[in-house]
Amino acid sequence: MSNTFSGVVHQNKFLASGAVDVNAIVSIKSLVAPSIGRPSGGKLVIGFVGDGSGSMSGEKWRNARQALVESVGMLPENSEFFVIIGRSDADVIIPAQQAGRENKDRALGVLSRAKDGGGTKFAQWLAAARGEFAKCKGDIRVLVFLTDGENDEGSDAPLAAELAKCAGLFEVESRGVGDAYRPDQLRLIQHALGGSVDIIRQPADLADDFAAILDLAKSLAMSDVYLQIWTPLGATIDMVKQFGAEILDLTNKMQAGPNPRTRRVPTGYWGEETRDFHIIIKLDDTAVGKVGDTKLCARVGLVYSEGGQEVEVKLNEGGQVLAVWTDDEKQSAVINPRVANYTGQAELAQRIQEGVKALEAGDEEQATRALQRANELAEQTGHEATRKLIRKLADVDEKGTLRIKKNVDKMDVKELDTRSTRTARTRKEVS
Amino acid sequence: MQCPACGVDATTENSQFCEECGSALSPVTAVASNNVDPKLRCGKCGAGPNAVDGDGFCTQCGSRRLTPWRDHFEDALSAKEAGVSDIGVKYHENQDFFVLGRAESGELTAIVCDGVSRSQNSMEGSKVACETALESIYADLKSGIDDPDAILKQAMNRAQEAICEVPFVKGLTEIVAGEPEPIPPAQATAVGVLIKGHRITIGWLGDSRAYWVDADGARQLTIDHSWLNEVVGSGEMTADEALKDKLARGIVRSLGADFDGGNPGVTPDALTLNLTEPGILLIVSDGFYVYADEVRIADLLKRQPKGVDALTLARRLVEYARNAGGRDNITVVAVIC
């Protein structure tokens, strides 16, 4: 399975005299797909948390229940599953079990009788999911988390505490339905546990969306995949951001590695896909080179476990992240196009979130400023989908001046906010 | 316990080797490594001789401890034929390359290629161009072709085909001062010589040069394929007018694919001379001649001791260019005729 992953480092190694930040994009391609065997013996566990609070009643609840019924029907028989209805307490209506025919039939019966009503308690729901996952054998663990409202646990503190307990145990596909949920709360879950967030504008679309999540989950084949980063004395890893389908900051996820100079970054579950990681290494005074010096600032590799054995994947050119200090500005001023693109995309997400926050707080001036910049960045990074979303909220004239529309649809704001961390993958390049 | 080789506390009580640099930790080795010649330690952090990874970097502080061979390499066929290529002082990689060889039928051949720095993978480009040109010349000589101009032009054509195969990223741009600038696939200049007895043939593309130096002085044999020479040659402008353009000396012919990776073809020039007097043939990249015009070259050679061998001569000329500033890669091949 040594050909499971391959990777390459992109960077401009030339730094201006005295520069201490070293940027690199590590591009990892995986060939792991269930069809060519699950290298880590990964078996799927799918958990569902359906928001059953009072606000879900009516059309939303009917569609959610229908989507759950259809999803359970589609589960592969060798997978495990459970269903939790989230109310003021988490109601585990279908405990973790094998997705065999009999179990599925029984589950469908339970689902058709499930009732809504109660409060929205994310931490409690996640705690219940954690308990169910703990009973399962499979190691690819995906939670589908559906809500239409705001977490009403008083503050985000109980959620944060629960997320710390869940970290590394499963990934979450969060979906907000309607226009009353808070994307930033779903992002909290995403930052801690991985996975994606998205909006479902129409309850009728729930079943299709769940089917897509299930397809994605079935394509995952590998758990326990880590970026492994060696750095020399005087160098620290300042940032690790993953650019897969979404932007995910992994900086705070770093763990100790096999020796003091090496750290590991968990990257979640992998199917057949390509992900880029933006890494920034910071050098202290003792580690900065002089003009003319060449320094190995990091060596990046990948490790995964296979049958209890750890396998290390070497990247092209040994995964070297280099720094060469130069007094030639022509060389040091060049920004690697991938670094530029990902820096732009990260700022884009930030500006959108700022803009939406200002808009919701009624600060139109601040919102205009942030969205104006976001629109420029979306253009520069070729982020067509995001540009369209921005233009639902605002008019942009020929000169690029942005003006927020008079009557903004709340759902459009939620959509822009929720999808702010989506990436526009760079065009395929031969390398 | 602190590792005696690298000084890092990265060992457990029973370990035999330092987890940091891989040095042995037995007491005997420890004493030995305390007595390590300081020259064998990392010049930046003092790590021991074992703290070097496969790419020549210090496993403790990441500094480069071993120089890649390409930074400076030499070749000599005899005391009369040798070449030296050097990274220079300002550059961070050596994009020049040269080959030197003697065919089975006795002809001497040498090729110098200078990879264009603002092209992709030019280090690889200049290398495959040189190696392919040499193979082409050998093959043509072996098949009995006796037209040296044609042999050298054919070598350039084959080098062109080879350089077009060097991998590149289509559409790659670098953002320079806020503006995206496209970067072409590998490009390189080339100058090749084929010497049979008193007959010297030279073929070239771009601005790498051949000089002939004898008792009368130094004389540039090749004519740079530069915009300057082109517009002056066609009578479009005078040299003074053309030189007002900052890019006047920019090359207009070279080896290399177009932006899409296609082969646009090349039109090399070639010339043949018959030697009547003894002298020295120099084949050089611009990293050398930017510091030495014909007068200076003649002067540099006059100052060499009588009977100096070609390798020593090439080394001294490279050293001269390094000391003069070394702002580009420097390659000098010397053939004493």
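Those protein sequences? They're chains A and B, same order as listed.
Just so you know, the numbering used here puts 265 at position 265 of the first sequence, and the rest follows in order with no gaps.
Just so you know, the numbering used here puts 684 at position 253 of the second sequence, and the rest follows in order with no gaps.
We put the beta carbon where it would ideally sit given N, CA and C, even for glycine.
Quick caveat, the model's predicted, so the values are computed rather than measured.
Check whether the Cβ atoms of residue i and residue j sit closer than 7 Å, and answer yes or no.
i	j	result
A:Val-396	A:Asn-375	yes
A:Leu-233	A:Thr-267	no
A:Val-20	A:Leu-283	yes
B:Ser-657	B:Ser-716	no
B:Ala-679	B:Ala-688	no
A:Ala-221	A:Gly-271	yes
B:Ile-582	B:Cys-561	no
A:Cys-136	A:Ala-99	no
A:Pro-203	A:Asp-417	no
B:Ile-711	B:Val-662	no
B:Pro-499	B:Gln-551	no
A:Met-74	A:Leu-302	no
B:Val-600	B:Ile-714	no
A:Ala-367	A:Leu-359	yes
A:Gly-195	A:Val-177	no
A:Leu-377	A:Leu-402	no
A:Ala-67	A:Ala-207	yes
According to DSSP, residue i sits in a beta bridge with which residue or residues?
i	result
A:His-278	A:Ile-25, A:Lys-241
B:Glu-605	B:Glu-612
A:Glu-310	A:Ser-305
A:Ser-6	A:Lys-29
B:Phe-719	BP columns for B:Phe-719 are empty, so no partner.
A:Pro-266	A:Tyr-226
B:Gln-618	B:Gly-687
A:Gln-97	A:Phe-81
B:Lys-627	B:Arg-630
A:Ile-404	A:Ala-394
B:Glu-725	For B:Glu-725, which the question treats as bridged, DSSP gives no partner whatsoever.
A:Glu-173	A:Val-144
A:Thr-236	A:Lys-282
A:Thr-294	A:Val-324
B:Val-767	The amino acid at residue 767 of chain B is misidentified as Val; the sequence shows Ile. Its beta-bridge partners are B:Ile-711.
A:Gly-50	A:Ile-85, A:Leu-146
B:Thr-762	B:Ser-516
A:Leu-44	A:Ile-140
A:Val-197	A:Ser-174
A:Arg-422	A:Glu-246
A:Ala-90	A:Gly-86
A:Gln-11	The partner list for A:Gln-11 (beta bridge, DSSP) is empty, contrary to what the question assumes.
A:Ala-256	A:Arg-263
A:Ala-134	In DSSP, A:Ala-134 forms no bridge with anything.
List the residues of chain E whose Cβ lies closer than 7 Å to the Cβ of residue i, in chain order.
i	result
B:Cys-476	In the displayed structure, chain E is absent; the protein chains listed are A and B.
Practice task
Could you run through the segment 217-234 of chain A and flag, in chain order, every residue whose CB is less than 9 Å away from some CB of chain B?
Solution key: Trp-230, Thr-231, Pro-232, Leu-233, Gly-234
Exercise for the section: Check distances from the C-beta atoms of the segment 523-538 of chain B to those of chain A and list, in chain order, the residues that come in under 8 Å. Expected result: In summary, the residues of the segment 523-538 of chain B whose CB is separated from some CB of chain A by less than 8 Å are His-523, in the order they occur in the chain.
Practice task
Return the residues of the segment 478-489 of chain B that lie within a Cβ-Cβ distance of less than 8 Å from chain A, sorted by chain order.
Solution key: Asp-484, Gly-485, Asp-486, Phe-488, Cys-489
Exercise for the section: Evaluate the contact criterion for the segment 149-159 of chain A versus the segment 108-126 of chain A: three or more CB pairs, one atom per stretch, below 8 Å. Expected result: yes
Handout entry: Sequence ranges, alpha helix (DSSP H) only - wholly within the segment 630-706 of chain B, length at least 4
Key = DSSP runs (the alpha helix (DSSP H)) wholly in the segment 630-706 of chain B: 658-664, 670-673.
Handout entry: Against chain B: residues of the segment 299-323 of chain A by CB proximity under 7 Å
Key = Gly-318, Gln-320
Exercise for the section: Indicate whether the contact test is met: 3 or more Cβ pairs, each with one atom in the segment 320-337 of chain A and one in the segment 276-290 of chain A, closer than 8 Å. Expected result: yes
Problem - Where the segment 156-167 of chain A meets chain B: residues whose CB sits under 9 Å from a CB there - result: none
Handout entry: Cβ pair count under 8 Å reaching 3, the segment 106-114 of chain A against the segment 240-258 of chain A
Key = Too few Cβ pairs lie closer than 8 Å, so no.
Exercise for the section: Pull out every residue of the segment 275-290 of chain A whose Cβ sits closer than 8 Å to any Cβ of chain B, in chain order. Expected result: Ala-287, Gly-289
Exercise for the section: Anything in the segment 493-505 of chain B with a Cβ closer than 7 Å to a Cβ of chain A? List those residues in chain order, please. Expected result: For the segment 493-505 of chain B, which is checked against every Cβ of chain A, the residues closer than 7 Å are Gly-493, Ser-494, Arg-495.
Practice task
Flag this pair as touching only if the segment 306-319 of chain A and the segment 501-516 of chain B have three or more C-beta atom pairs under 8 Å; answer yes or no.
Solution key: no
Handout entry: Segment contact flag, the segment 58-66 of chain A with the segment 13-28 of chain A, C-beta cutoff 8 Å, min 3 pairs
Key = no
Handout entry: Residues in the segment 381-400 of chain A having any Cβ partner in chain B nearer than 9 Å
Key = none
Exercise for the section: At 3 residues or longer, and completely inside the segment 313-395 of chain A: list those beta strand (DSSP E) runs for me, N to C. Expected result: 320-326
Problem - Meets three-Cβ-pair contact criterion under 8 Å: the segment 582-600 of chain B and the segment 543-556 of chain B - result: yes
Exercise for the section: Would you be able to state if there are at least three C-beta pairs under 8 Å between the segment 726-736 of chain B and the segment 641-654 of chain B? Expected result: yes
Exercise for the section: Report yes or no: do the segment 473-483 of chain B and the segment 700-708 of chain B share at least 3 C-beta pairs separated by less than 8 Å? Expected result: no
Problem - Start-end ranges of the beta strand (DSSP E) lying completely within the segment 481-563 of chain B, minimum 3 residues - result: 503-509, 512-517, 527-533, 539-546
Handout entry: Interface residues of the segment 506-521 of chain B facing chain A [CB-CB below 9 Å]
Key = Per Cβ criterion, the list reads Val-520, Lys-521.
Practice task
With 7 Å as the limit, tell me which residues of the segment 611-622 of chain B have their beta carbon closer than that to any beta carbon of chain A; keep them in chain order.
Solution key: Residues passing the 7 Å Cβ filter: none.
Exercise for the section: Return the residues of the segment 551-579 of chain B that lie within a Cβ-Cβ distance of less than 9 Å from chain A, sorted by chain order. Expected result: none
Exercise for the section: For the segment 1-34 of chain A, enumerate the residues whose C-beta is nearer than 9 Å to any C-beta of chain B, in chain order. Expected result: Asn-12, Lys-13, Phe-14
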